[in-house]
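Colleague:
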DNA sequence: CTCCTCTGCGTAATCGTTTAAGTGATACAT
DNA sequence: ATGTATCACTTAAACGATTACGCAGAGGAG
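So this is what it looks like as structure tokens:
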């Protein structure tokens, strides 16, 4: 490959001059710079990121940590969308992305070690077990870090507004006359906590009391568990008129249970999802759900991280909240007074 | 960070000795090696990938090229699954992944330039416009390359067995008595060509003739276009008993059209998808489809690439074909003789 | 005793860049 | 004439590792 040396030789200048010309340093004559730039272009010169990184200690590489042993890697729509946001934003700023895992070469190490090994300039922690000591080690390191959907002290985080999302959904259901609402929520993570808080707050607002047996723990992204729980809910002597599901995808399981019970949506029972994945608009009836701006979660995270990398001073502790939008569909029907 | 120098100093040996000890070179005394390894461990030493790459010209990084302007990046389930396969296989071998795009720093370049800039050891080209001159430039470069679902001369490629998949699907439909089969296919890429070949071949096998107006070009992964075309097919005077869709996801559009026409699946009309995404099993009726082993596509591609990187000599031109499996569901019903 | 072969380690160059410090030339002010 | 500032470069070290080569000492063979 053509290096700075080749250009230097052919231009009759030193490598330092070439480097400076290429980097727009001021102490290079206009004519010399032109010559160098032209030749570089002609030879198809491309800087060597490796050498540059070694010298400057800046790799223009951001790590992305994502661990989701339960629901199978990148194929998880939530994460792949977030990742796409991170990726496109990083790309804009000239950064590349490296997935952080626990292997380097044939050895097992920690996430932090992997980051150091690759010399990433910062990390986005997108979905992980935030109690994992290896994750906290990373969070407490001196690397710039942005977390998504989880708050750490002294760390920037980008959150989806789960509380508001839930509140809006409850309000919508209430506006359609529903007072008997059940909820199947996901595993008890921070996200779930926020959603439940929003749920209860809005219920209170409308004077809705939710019996305990209508608050059920399911599994995110898992239609099977939702199908089972929905079936149980429908079998209760007192039946809810509206069921909230952990997310749009798991709703498919709920739908199956409802249909199997010989009931119709939304005539006999109403449904509410969460996420706003494309599927929810395509299926019919169109699902009422909260559309998280998942990609924006990624772009903002990347943007904040890069800002932190490039201007370590100016960053004040930042807690960006990404709001989504209500996407109302035919799954929540007007309650019939009979 | 602790470097090889620190270890050398504290062990009273040269950096060369440390390097050799760490890399398992034979010309180091057993006792010295022990001391070095211990200390390295104690100090939490981690090699610097950047420095190593600069010296050895091996980055242990593979590029992944994926361009899909139509259907929105990583969120495309097919690709995110392939990517996950690539990622996990690469990880096993101690490689990291870099997305190849056309930016380096603030400048626009070619894919090949980006690869050179990052010094990737090889590239997997997973989904791209294979006619794009920038893609062919990359394919014709001296970098190890593996392509997915597309064949280039002198390049290793990993293919999903689209022909066989289609044949099996037609056979299955035929076995259920269908003779009036329509097909909505995707854009005319190599993949589509193969599927159509398989389709026609199997039709011939069963003496099925397909009128031209039943062979329609739709768009992959696009329920809307399928909904439109399905509607048109249903409105024809002579109606097919079975419709093949470009993929499982677009089938949702087809389903909507069928339902809107007041027809039932599979009683009135049968449906066949392609891909075998989780959705197809969850929805009901369960969709008959060809389950591509998409993740395997990724793992094999990564495996072949790494083999090519590490043993340039031993690789003979390789054309791996990944076979999927028939996933038969209730969407293809027995034809009723009336 | 000499010669040779191993063994175990050190020396130093090198990968491609960046950058602090130095240098020589010219110009200008004093 | 002398000092000083500016400009446009060069020199050389450094980033952290790898590796060809050299070399001293031990041990064995002759």
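Residue numbers (the working numbering), protein chains in the order written: chain C, 25 to 362; chain Y, 25 to 362. By construction, the Cβ of each residue, glycine as well, lies at the ideal position given by its N, Cα and C atoms. Since the structure is predicted, the reported quantities are computational estimates derived from the model, not experimental observations.
1) Are the beta-carbon atoms of residue 295 of chain Y and residue 355 of chain Y separated by less than 8 Å?
2) Short of 8 Å Cβ to Cβ, which residues in the region 276–295 of chain Y face chain C?
3) Check for me: the alpha helix (DSSP H) holding residue 215 of chain C runs from which residue to which?
4) Closer than 7 Å by C-beta to residue 49 of chain Y: which residues in its own chain qualify, once you throw out the five before and the five after it? Chain order, please.
5) Between the region 287–294 of chain C and the region 65–80 of chain C, can you find at least three pairs of beta-carbon atoms closer than 8 Å?
6) Tell me the residue span of the beta strand (DSSP E) that contains residue 186 of chain Y.
7) Would you list the one or two residues that DSSP bridges to residue 172 of chain C?
8) Checking contacts by CB at 8 Å: is residue 74 of chain Y closer than that to chain C?
9) Might you give, ordered along the chain, the residues of its own chain that have their beta carbon closer than 7 Å to the beta carbon of residue 362 of chain Y, omitting 5 neighbours on each side?
10) Buried or exposed: which applies to residue 329 of chain C, given that a residue is buried once 16 or more other Cβ atoms fall within 10 Å of its Cβ?
11) Using a beta-carbon distance below 8 Å, is residue 120 of chain C in contact with chain Y?
12) Would you kindly report the start and end of the unbroken beta strand (DSSP E) that includes residue 251 of chain C?
13) Taking 8 Å as the threshold, find out whether the region 127–142 of chain Y comes into contact with the region 106–115 of chain Y through three or more Cβ pairs.
14) Have a look at Y:282, Y:137, Y:189, Y:263 and flag the residue whose alpha-carbon is nearest the alpha-carbon of residue 237 of chain Y.
15) Look at the alpha carbon of residue 216 of chain C and the alpha carbon of residue 227 of chain C, and state the distance between them as a whole number of angstroms.
16) Between the region 193–202 of chain Y and the region 174–185 of chain Y, do at least 3 Cβ pairs fall closer than 8 Å?
17) If you pair each beta-carbon of the region 145–165 of chain Y with each one of the region 307–314 of chain Y, do three or more pairs fall below 8 Å?
18) Which residues in chain Y sit within 9 Å of residue 137 of chain C, going by Cβ to Cβ distance?
19) Counting contacts by CB-CB distance shorter than 8 Å, is residue 78 of chain C in contact with chain Y?
20) Should the region 267–276 of chain C be called in touch with the region 240–250 of chain C, which here means at least 3 C-beta pairs below 8 Å?
21) Does the pairing of the region 243–259 of chain Y with the region 206–226 of chain Y give three or more beta-carbon distances under 8 Å?
22) Would you identify the three-state DSSP class for residue 2 of chain Y, choosing helix, strand or coil?
23) Closest Cβ-Cβ distance between residue 308 of chain Y and chain C: below 8 Å?
24) Any heavy atom of the ligand NAD within a distance shorter than 7 Å of the CB on residue 133 of chain Y?
25) Would you identify the three-state DSSP class for residue 284 of chain C, choosing helix, strand or coil?
26) Tell me the rounded alpha-carbon separation between residue 260 of chain Y and residue 277 of chain Y.
27) With respect to the alpha helix (DSSP H) encompassing residue 241 of chain Y, which residues constitute its N-terminal and C-terminal limits?
28) Does DSSP put residue 109 of chain C in a helix, in a strand, or in coil?
29) Entirely within the region 117–161 of chain C and at least 4 residues each: give me those alpha helix (DSSP H) ranges in chain order.
30) Over what stretch of residues does the beta strand (DSSP E) that includes residue 206 of chain C continue unbroken?
31) Can you tell me whether residue 156 of chain C is buried or exposed? The criterion is at least 16 other CB atoms within 10 Å of its CB, across all chains shown.
32) Step through the CB atoms of chain C and report whether any lies within less than 8 Å of the CB of residue 348 of chain Y.
33) CA-CA distance, residue 41 of chain C and residue 106 of chain Y?
34) Within 8 Å (strictly less), CB to CB, does residue 165 of chain C reach chain Y?
35) Can you give the Cα-Cα distance for residue 336 of chain Y and residue 146 of chain Y, rounded to whole angstroms?
36) Using a 10 Å radius around the Cβ and a threshold of 16 neighbouring Cβ atoms, would you call residue 235 of chain C buried or exposed?
Modeller: From the atom records:
1) Yes. Within cutoff.
2) Residues of the region 276–295 of chain Y with a C-beta less than 8 Å from any C-beta of chain C: 276, 277, 280, 283, listed in chain order.
3) Residues 214–229.
4) So the list is empty, once near-sequence residues are dropped.
5) no
6) Where residue 186 of chain Y is concerned, there is no enclosing beta strand (DSSP E), although the alpha helix (DSSP H) around it starts and stops at 186–199.
7) C:182
8) yes
9) Unreliable placement is indicated for residue 362 of chain Y, whose pLDDT of 46 sits below 50; the coordinate value is still reported in the next sentence. Result list for residue 362 of chain Y: empty, nothing under 7 Å.
10) buried
11) Residue contact check for residue 120 of chain C against chain Y: a CB pair falls below 8 Å.
12) Not the beta strand (DSSP E): residue 251 of chain C falls in the alpha helix (DSSP H), residues 247–259.
13) no
14) Y:263
15) 16 Å
16) Touching, no.
17) no
18) 68, 70
19) yes
20) yes
21) yes
22) Absent from the model: residue 2 of chain Y. The displayed extent of chain Y is 25 to 362, so no value can be given.
23) yes
24) Among the components modelled here there is no ligand, and therefore nothing to report on the ligand NAD.
25) helix
26) 18 Å
27) Per DSSP, residue 241 of chain Y belongs to no alpha helix (DSSP H); it is in the beta strand (DSSP E), 239–241.
28) helix
29) 135–142
30) 205–209
31) exposed
32) no
33) 45 Å
34) no
35) 11 Å
36) exposed
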